[in-house]
Structure formats: C-alpha cells, structure tokens
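Let me begin by presenting the structure, written as structure tokens, before commenting on it.
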Amino acid sequence: MLKIEGKSIIELDINGEKKDVAVFPSDILLYVIREHFGLTGAKPSCENGDCGACTVLVDGWPVKSCLMLAVEAIGHKITTVEGLNNAPIQKAFIENWGFQCGYCTSGFLMVCHSLAKLHPDADEYVIEEWLQSNICRCTGYEEIRNAIKSVLSSMSK
Numbered sequence: 001m002l003k004i005e006g007k008s009i010i011e012l013d014i015n016g017e018k019k020d021v022a023v024f025p026s027d028i029l030l031y032v033i034r035e036h037f038g039l040t041g042a043k044p045s046c047e048n049g050d051c052g053a054c055t056v057l058v059d060g061w062p063v064k065s066c067l068m069l070a071v072e073a074i075g076h077k078i079t080t081v082e083g084l085n086n087a088p089i090q091k092a093f094i095e096n097w098g099f100q101c102g103y104c105t106s107g108f109l110m111v112c113h114s115l116a117k118l119h120p121d122a123d124e125y126v127i128e129e130w131l132q133s134n135i136c137r138c139t140g141y142e143e144i145r146n147a148i149k150s151v152l153s154s155m156s157k
C-alpha cells in the first residue's frame, strides 16, 4: 500500500473492474464509491446502518456501505446497483411497481438480488427476514415482496 499525505492507495474490485483509489483509513465505502467512482446508486441516508439505502454486495452478500471502511473492502468483490446489468430483479421491480420515490430502491434491489442468488427456494419467512434489513417509507412492501416472489418463481421453472 502506497501512502500519500495520510492517504493510502488501495485497489478495489467494483463491478468487475479493479480500480485504484487514494483513501484515508477512516473513509467509508459508501462515499468512496460515490465520490471517487461516480457510482451514486447507493444512497447516503441514515448513515448508521438502519435504513439500507446504501446497500451494496460484497462477495455476493448485502452490506450496508455506510458501515464498512473502504480499506475493509480490499480483496473483495463489490457490486453496486450499477453493476447488476439488467438483472431479473430490476425488471420485476418495474413490472410489480416495487418502488415509488426510488430513494431506497437500489438498496432493496441489492438485497433481493442477493436473496434470489443465495436462497432461490426462499419461502415467505425468509423473504420477510431479508426485507427487514431495509426501510421504504413509500410502498407498503407488498410490491417489493411481489417482485422478489416473481423472480424466485421464474427461477424454479
């Protein structure tokens, strides 16, 4: 790790691309992704891990990027909503009206995408457990549930 004026040059694997960035040891992943790479899908909101608007995938698992230091992401594969590349969950959210204002949508997309990959046979209880990690103040969650159920259903065919 090269150090420059209190910063370290680190390499991050974001959406399949390895990128170098100079960070302070205290820089959180959310702001590095947004400010250094222009990937603004992960949203700053509560900044204490409660809402999930900042969710990204780290090695396929949902992580609240407001709680992770950028240096902790070294050696891991980070996927942002921009890296989903028209995943089935994105189409399902559109078809099922799984969003309204859109602020929380990227976080829910990341959680639901991971859920579908890791638990393709998820039942209602597993879906509810996973959705508890994120907050939406607009929908009532029914549309989001329908979106993930439609993806899971299409995977079982």
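Be aware that the sequence shown starts at 1, since it is given in the UniProt record's numbering, and climbs by one per residue.
Beta carbons: idealized from backbone N, C-alpha and C, even for Gly.
The distance from the Cβ of residue 113 to that of residue 89 is about 5 Å, consistent with a contact at the 8 Å cut-off.
Take residue 151, set aside five residues on each side of it, and the residues of its chain with a beta-carbon closer than 6 Å to its own are 88, 89, 92, 116, in chain order.
With a 10 Å radius around the Cβ and a threshold of 16 neighbouring Cβ atoms, residue 24 comes out exposed.
Where residue 63 is concerned, the enclosing beta strand (DSSP E) starts and stops at 61-64. The DSSP-derived three-state label of residue 131 is helix. Close CB contacts of residue 141 within its chain, under the 8 Å cut and outside five residues either way in sequence, are with 131 (chain order). A distance of 7 Å or more separates the beta carbons of residue 147 and residue 75. Unbroken alpha helix (DSSP H) runs of no fewer than 4 residues, entirely contained in the stretch 79-153, are found at 88-95, 105-118, 124-131, following chain order.
Ranked by Cα distance from residue 52, the options 26, 109, 153 are led by 109.
Inclusion of residue 29 and residue 73 in the CB contact set at 7 Å is warranted, their separation being smaller than that value. The three-state secondary structure of residue 22, taken from DSSP, is strand. Under a 10 Å Cβ-count criterion, residue 59 is classified as exposed, with fewer than 16 other Cβ atoms of the shown protein chains found around its own Cβ. If one requires a minimum length of 3 residues, the beta strand (DSSP E) runs lying completely within the stretch 37-77 are 55-58, 61-64, in chain order.
Distance from the Cα of residue 125 is smallest, within the candidate group 149, 45, 103, 106, for 149.
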